[in-house]
Amino acid sequence: MSDDRKRDEEVRATNQGDGAVYAPGARRGREKPAKSAGSETMEIIKTVVFALLIALVLRVLFFQPFTIPSASMEPNLYEGDYIVVSKWTYGYSRHSIPFSPPLFDGRILGKAPARGDIVVFKLPRDNRTDYIKRLIGLPGDRVQMRDNVLYINDQAVPDAVVSQSEFEDVFGPRQVMRKRETLPGGRTFTIQDYGPGGDLDDTPVFEVPAGHYFFMGDNRDNSIDSRVGVAGGVGMVPEENLVGKAEIILFSWSPGASLFNPVSWFANVRPSRFFQILD
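Residue numbers (my numbering): 1040 to 1318.
Okay, here's the thing in structure tokens:
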């Protein structure tokens, strides 16, 4: 065979009798038909549904994000902090599931919270609103404020002033103190206080019933908490209302940042608060 003929055989396409044209040496087989638009749409829907199911499982069983809306937990949580709450720490109740369906009562697969934990819970008077406070009183405890001092079971909780400053607001010049408070059991953390004379600095004795908890804000003179009855405040919180334990601040923006104004993200970001573990 001449060289010219050999080259012609190498590049020649051959008709196989079924109407298809194949290049010599190519693997024979029928081409897969293109997917219809309806089939592609269904694949997208399946993918989205699967992703949503995974997100729901993570939210129900493991983690849930929250944004801090007020100053009631200063100086440990600030308005604009974006935190992550662990759901498994205290187990699960109907409030672990979105919209709190009445599937079962009480809690399952969990342990009791520890005094001093920062906890997200459902407000007892409506069982819908999420609140975040620090756990102060356990079932059976007696809790009271006397002359701006916290008492648990008739024992004063030790505190020590770590800083003090002055500021002025609509009420005139005021002092703000930061104190290091140590709860029974040794848990210690910083609180913010404006000195004696506040509305909640002297209270009756609160006896925490079985299956309930007593919560207070770290910003003691700027917090509606268990010191205020359930009708206008928080009152005693049933254990099934616990949502989870606050674990970490992921990131933080000061007030003024807007989702629809990207420039404000950089102007109001607080990087020093990123990834802070909460105590």
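All C-beta atoms in this analysis are idealised placements derived from N, C-alpha and C, irrespective of residue type, glycine included.
Tell me the residue span of the beta strand (DSSP E) that contains V1215.
1211 to 1221
Can you tell me whether V1282 is buried or exposed, with buried defined as 16 or more other CB within 10 angstroms of its CB?
Answer is buried; the Cβ neighbour count reaches 16.
Endpoints, the alpha helix (DSSP H) within which S1303 is located
1301 to 1307
Kindly indicate which three-state DSSP category V1125 falls into: helix, strand or coil?
The residue asked about is misnamed: residue 1125 is Ser in this sequence, not Val. Three-state result, S1125: strand.
Residues bridged to G1176 by DSSP?
F1253
Simplified DSSP assignment, three categories, for F1245
strand
Please return the same chain residues whose Cβ sits closer than 8 Å to the Cβ of K1166, not counting the five positions on each side in sequence.
In the sequence as presented, Lys is not what sits at residue 1166; that position holds Asn. Annotation for N1166: H1134, S1139, N1280 place their beta carbon closer than 8 Å to its own, counting only its chain and skipping 5 residues before and after.
Kindly say whether I1171, judged by its beta-carbon, lies nearer than 8 Å to any beta-carbon of chain B.
Among the chains in the structure shown there is no chain B, since it carries only a single protein chain.
Of the choices T1221, L1239, I1147, D1169, whose alpha-carbon is the least far from that of P1137?
It is D1169.
If contacts are defined as beta-carbon pairs under 8 Å, then F1253 and V1182 qualify, I think. What distance do you get, rounded to the angstrom?
5 Å
Starting from the C-beta of L1116, find all residues in its chain whose C-beta is less than 8 Å away, skip the five residues before and the five after it, and write them out in chain order.
I1107, I1122, I1157, I1171, D1257, A1285, I1288, L1317
Check each candidate in P1114, D1193, E1118, A1151 and name the one with the smallest Cα separation from G1130.
That would be A1151, whose Cα lies nearest to the Cα of G1130.
State the start and end residues of the unbroken beta strand (DSSP E) segment that holds V1282.
1281 to 1291
Do you know how far the Cα of E1118 is from the Cα of G1295?
Looking at the two C-alpha atoms, the distance is approximately 11 Å.
Alpha carbons only, please: which of L1092, A1110, D1120 is nearest the one belonging to N1307?
Nearest of L1092, A1110, D1120 to N1307, Cα basis: D1120.
Does the beta-carbon distance from G1179 to V1247 come in below 8 Å?
Yes. Within cutoff.
Determine the closest residue to I1230 out of T1221, N1192, V1244, S1125, with distance taken between C-alpha atoms.
T1221
Pick from L1148, S1202, I1083, F1314: whose alpha carbon is nearest that of M1216?
S1202
With DSSP as the reference, identify every bridge partner of T1227, one or two as the case may be.
T1221
Check whether G1272 and D1264 have beta carbons under 8 Å apart:
yes
Identified DSSP bridge partners for E1278:
Note: E1278 sits in no beta bridge, so no partner.
Just how far apart, CA to CA, sit L1177 and I1093?
So the alpha carbons of these two residues sit roughly 35 Å apart.
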